[in-house]
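Quick note: to get my numbering, add 1 to the position in the sequence shown (first position is 1). Below is one structure, written out as structure tokens; the observations come after it.
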Amino acid sequence: MKYDVIIIGTGLGGLLCGYTLSKHGYKVALFEQHHQLGGCLQVFQRNGYTFDTGMHYLGGLGEGEILHKLFTYFDILKDVELRKLDENRFEKITLGGKEYGYAMGYENFIEQLSQYFPKEREGIRNYIQEIQRIAHASPLYNLQEINQTTFIESDFIKKSVGSFIASFTDDPVLQNILAATNTLYAGYPDKTPVYVHALTLHSYISSAWRLVDGSHTIIESLAKSIENNGGVIYKNCKIEKIICNHTEAVSVLTKWGEQFEAKQFISNIHPANTVDLIESHLIRNAYRTRIQNMENTASNMTVYLGFKPNSVPYLNYNHYHFEGDSVWYAQDYKLPEWPKSFLYMMQAREGDGPFANSAQISSYLSFDEVKKWEHTTVGKRGEDYIEFKEGKAEKMIQLLQQHYPEIKENIAYYNISTPLTYRDYTGTKNGSLYGIQRDCNFPVQTLVSQRTKIPNLFLTGQNINSHGFLGVSIGSIITCAEFLGVNTIMNDIQKSSE
């Protein structure tokens with residue numbers, strides 16, 4: 002059978018492209034290497050506990066906000082249950098032995114943060130106003146067609162987040178607090194473009210939410226819609242090769258030796274992994290080398306915690322902790338000082354009441370620490386790997402216990418993931434959290450287009466434009482605009498929200 006579009010990978014970008022194109026009558030087929038769909042949206046169950054692996058909380062889901070419009074367009078909203086985080090403190094930040102907080106709503110954010118820094122109120126207000134200006138000027142955020150040249154030349158892609166924040170305050174502590182959620186994009190103060198910081202922060206200050214019972218509800222909603230639209234989803238069907246003739250891609254070859262033909266192709270896997278599937282002369286060495294040598298963001302280690310019943314209070318906020326006096330460079334550590342930071346998040350479950358069922362604590366972990374096991378597979382890495390994980394987990398739990406003394410004695414079960422886990426389940430290079438590292442010093446070189454050197458092969462996912470649910474959603478729209486035209490999709494989004 003020949004499909005209109007074959008989509009490689011069922012991460013969020015692939016599923017959203019599958020939904021959009023099948024909705025418009027395209028005969029689509031999606032291929033997933035694992036038994037479970039979803040990429041970073043995957044969940045897993047152990048000992049009666051359900052854990053999210055990637056999509057932990059979402060911003061901009063309030064009525065009329067950007068993600069609410071997209072959830073409505075993708076017909077997801079009816080299938081998910083949301084729980085709003087604490088409006089007066091949805092982020093708890095601990096730095097230098099002191100505690101700070103982020104509040105929802107711009108005026109509330111200014112008011113709450115000014116209580117910690119009363120002399121900096123004007124600087125905080127000016128900073129927030131500029132965050133809003135960048136967000137509203139961004140074609141990504143406003144669902145407008147992107148002029149690539151204008152985008153690359155804009156200040157918010159050529160200016161670093163560190164210099165941006167420093168332009169509003171000389172207070173080094175406030176500078177750090179304003180950058181405290183850089184874990185959400187694995188940022189560097191002198192490298193990360195300010196638009197990455199601004200769009201991330203803007204969506205969460207607008208409103209921040211947890212998905213009750215996990216992100217799998219999004220996967221199930223999209224998969225059902227795709228199949229209802231006539232699409233086909235193949236699980237346990239890894240693509241080994243994209244086959245081309247002298248002008249374009251013509252088919253894919255699976256690990257089982259089956260060949261599937263299509264008119265058009267979309268890859269939702271990492272661009273470097275995509276070019277690895279292609280032997281054609283259509284991919285020139287210069288392009289291949291550029292894609293394969295792009296720097297990727299850091300990876301991490303996560304300890305998933307299952308609690309004894311009615312033992313650990315549910316926290317309606319996330320906790321960002323930093324050892325020392327800086328929120329930066331936690332991904333660049335020397336072994337004795339690890340972990341330099343952590344992110345602690347509860348998982349929302351139906352019927353939780355005042356107590357939490359489960360949570361997770363994450364910290365950066367270099368791929369170099371697990372490199373000796375890089376040629377192993379899940380469940381077959383050996384006893385020394387298990388000992389390594391256990392030792393790391395113990396350090397993380399000990400650090401967490403300093404803030405929440407009741408934790409350790411109330412852990413009924415825990416599971417551990419490392420960069421290898423993330424690599425093997427999501428297909429990201431070296432377990433990179435957010436794909437390619439954006440660099441304001443080299444904006445052109447670190448932007449990846451949805452178009453490739455093969456005219457009927459396109460890219461989607463977190464490496465196109467931006468990561469996170471919002472970034473990937475917009476990226477999928479930009480990819481699908483190659484088929485449908487951007488105005489068609491924008492009109493559909495507006496109509497769905499009326």
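The C-beta atom is built at its ideal place from N, Cα and C for all residues, glycine as well.
Where Ser364 is concerned, the enclosing beta strand (DSSP E) starts and stops at 359-365.
When beta bridges are read from the DSSP output, Val304 appears opposite Ile362, Ile417.
Only buried fits Asn301, as 16 or more other CB atoms lie within 10 angstroms of its CB.
Per the Cβ contact rule, the segment 35-54 is in contact with the segment 224-243 (3 or more Cβ pairs under 8 Å). In the structure shown, the three-state DSSP call for Cys238 is coil. A residue is called buried once 16 or more other Cβ atoms fall within 10 Å of its Cβ, and His57 is buried on that count. Trp339 is not a Cβ neighbour of Asn183, given a cutoff of 8 Å. In the three-state DSSP reduction, Met491 falls in the helix class (H, G or I).
Listed in chain order, the beta strand (DSSP E) elements of length 3 or more contained wholly in the segment 15-98 are 29-32, 44-47, 50-53, 83-85, 92-96. In the structure shown, His282 adopts coil according to DSSP, grouped into three states.
Cα atoms of Ile455 and Ile244: separation of roughly 11 Å, rounded to the nearest angstrom. Just measuring C-alpha positions, the residue of Leu401, Ser208, Asp385, Met105 sitting nearest Leu68 is Ser208. Only residues of its own chain outside the window of five on either side were considered, and among them Ala199, Leu202, His203 have a CB closer than 7 Å to the CB of Ile132, listed in chain order. Excluding five sequence positions before and after Gly19, the CB atoms of its chain that fall closer than 6 Å to its own CB belong to Ile8, Val29, Leu31, Ile227, Gly232, given in chain order. Selection Phe356, Ser367, Leu179, Met346 evaluated against Leu336 yields Ser367 as nearest (Cα-Cα). Taking all protein chains in view, the Cβ of Gly98 is surrounded by fewer than 16 other Cβ atoms within 10 Å, so the residue is classified as exposed. Residues Ile243 of the same chain have their beta carbon placed closer than 6 Å to that of Ile279, with the five preceding and five following residues left out of the count.
In the DSSP assignment, Lys264 falls within the beta strand (DSSP E) that extends over 260-268.
Every alpha helix (DSSP H) stretch that sits fully inside the segment 447-499 and reaches 4 residues is listed by chain position as 469-485, 487-497. With the rule of 3 Cβ pairs closer than 8 Å, the segment 302-313 counts as touching the segment 403-413.
For Asn319, the enclosing beta strand (DSSP E) begins and ends at 319-323.
Apart from the 5 residues on each side of it in sequence, Gly55 sits with its Cβ closer than 8 Å to the Cβ of Gly40, Cys41, Leu42, Gln43, Ser216, Thr427 in its chain, given in chain order.
The C-alpha of Gly462 lies about 42 Å from the C-alpha of Lys120. When the Cα atoms are used, Ile125 and Thr170 turn out to be separated by approximately 8 Å.
Inclusion of Trp210 and Leu78 in the CB contact set at 8 Å is not warranted, their separation being larger than that value. Apart from the 5 residues on each side of it in sequence, Leu316 sits with its Cβ closer than 6 Å to the Cβ of Met347 in its chain, given in chain order.
Short of 6 Å from the beta carbon of Tyr386, and not among the five residues preceding or following it, lie these beta carbons of its own chain, in chain order: Trp374. Counting along the chain, the unbroken beta strand (DSSP E) around Asp5 starts and ends at 3-9. The three-state secondary structure of Thr255, taken from DSSP, is strand. In this structure His271 is buried. Its beta-carbon is surrounded by 16 or more other beta-carbon atoms within 10 angstroms.
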